[in-house]
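A quick write-up on the structure given underneath.
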Ligand code: PLP
């Protein structure tokens with residue numbers, strides 16, 4: 027029978043019935059090592075007892091009221107998040123795209139306040155910011171945009187990590203209100219910018235009074251070894267967006283703002299029916315407490331460094347491997363040729379991975395991955411890469 031679902035996803039031929047930690051099981055009892063964590067969502071793995079407990083308790087008490095009323099857990103989560111980020115205020119939505127929509131709206135308000143008629147947000151090649159019309163426009167993929175024209179006005183694009191391109195814009199463009207970028211590009215291929223790039227963008231934003239807006243939807247919540255990836259650069263953005271592992275699978279997005287940017291929205295200027303309801307905020311609070319109590323950012327840093335080293339050593343003899351890179355538990359293994367078939371090959375041996383940007387194996391394992399499980403990941407993946415590269419690409 028044909029599926030009733032729109033064909034936006036080409037599903038792999040597997041459905042999972044349950045999970046624990048880094049492991050998932052299908053209906054036939056096969057076990058899989060989940061090195062993708064629902065694309066950086068399940069940072070605490072599957073069925074973490076603290077998260078299950080928070081969801082069950084809150085679902086039995088109160089799931090939703092409305093933002094027409096005060097929500098104590100939303101206040102508490104806002105306080106915890108802003109304290110961790112050193113920022114002033116937060117708006118809660120339900121997804122990454124919505125968090126970025128809020129950021130883009132802040133940029134426009136900021137531009138209009140400065141007397142700019144048609145404010146521009148500078149974004150990057152190969153960026154991924156979501157699938158709504160504005161975030162799709164910000165996304166640097168023609169493939170994702172094709173067919174959805176006309177796109178949204180008010181965006182300008184530079185190569186990722188290219189400071190001189192941004193400086194040229196600073197000299198010649200007078201309508202810029204903000205820069206929006208990922209501290210490390212995820213979908214784009216686990217791309218790291220030059221070491222001082224974020225600090226230089228911060229400097230330029232200060233000089234030009236642009237908002238520095240960081241999309242930490244994939245990099246945030248401990249994944250790169252600090253709460254937020256920009257903290258490696260010792261800067262604070264004006265706006266930061268979060269989603270994915272903030273709720274460990276319960277849908278929540280957040281747009282944090284600092285300084286004057288935190289005062290741009292007023293009553294009625296933005297909103298969300300579900301955003302920040304008691305269930306998701308209580309869950310996200312449990313996520314924060316667990317990351318803190320179990321020192322998971324530190325673990326991501328240590329296990330991630332070990333994994334990158336192990337992959338580099340094990341794959342060193344293969345000329346088809348271009349680079350092993352990343353930060354914390356956000357790891358990319360770039361091959362010299364497209365390797366999408368590795369996803370099915372890995373599934374067949376009980377391993378969940380992703381391939382992005384055609385030829386980059388993307389690993390985003392849960393932050394709770396043990397040393398032993400990290401070893402199992404290397405032992406499962408390396409022979410697959412070896413076998414794939416040994417095969418004649420024309421065959
Ligand atoms: N921004 C980044 C960096 C992402 O990786 C994603 C999702 O992959 C998004 C935004 C969009 O998030 P969502 O799918 O929750 O709308």
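Residue numbers (the numbering used here): 27 to 421. Just so it is clear, CB atoms sit at the ideal spot from N, CA and C, and this is done for glycine as well.
- Rounded to the nearest angstrom, how far is the Cβ of residue 224 from that of residue 209, given a contact under 8 angstroms? 6 angstroms
- Taking Cβ positions, are residue 304 and residue 106 nearer each other than 9 angstroms? no
- Item | Nearest neighbour of residue 51, chosen from 32, 275, 378 and 65 [CA to CA] | 378
- Message: residue 401 and residue 357 - do their beta-carbons sit closer together than 9 angstroms?
- Response: no
- Message: Cutting at 7 angstroms between CB atoms, please list the residues of its own chain near residue 238, excluding the five before and the five after it.
- Response: 205, 227, 228, 231, 263 and 264
- Task: For residue 345, count neighbouring C-beta atoms within 10 Å of its own C-beta (all shown protein chains included) and say buried if the count is 16 or more, exposed if not.
- Result: exposed
- Report yes if the C-beta distance between residue 361 and residue 391 is below 9 angstroms; otherwise report no. no
- Message: Whether or not the region 304–318 and the region 149–159 are in contact is what I'm after, with contact meaning three or more pairs of Cβ atoms, one per stretch, closer than 8 angstroms; do they touch?
- Response: no
- Might you give, ordered along the chain, the residues of its own chain that have their beta carbon closer than 8 angstroms to the beta carbon of residue 369, omitting 5 neighbours on each side? 38, 379, 380 and 381
- Query: If you measure from the CB of residue 256, is any heavy atom of the ligand PLP nearer than 8 angstroms?
  - Reply: no
- Query: Under 9 angstroms between the Cβ atoms of residue 61 and residue 373?
  - Reply: no
- Query: Bridge partners of residue 347, per DSSP?
  - Reply: 361
- Taking only the alpha-carbon atoms, compute the straight-line gap between residue 243 and residue 121 and give it to the nearest angstrom. 9 angstroms
- Item | Assumed close pair residue 164, residue 217 - CB separation to whole angstroms, cut-off 8 angstroms | No, residue 164 and residue 217 are not in contact; Cβ-Cβ is about 16 angstroms, not under 8 angstroms.
- Message: Using DSSP's beta-bridge definition, name the partner residues of residue 217.
- Response: 211
- Query: Rounded to a whole number of angstroms, what is the C-alpha to C-alpha distance between residue 316 and residue 415?
  - Reply: 40 angstroms
- Task: May I ask whether a heavy atom of the ligand PLP can be found less than 8 angstroms away from the beta carbon of residue 46?
- Result: no
- Message: Taking only three categories from DSSP, how would you classify residue 405?
- Response: helix
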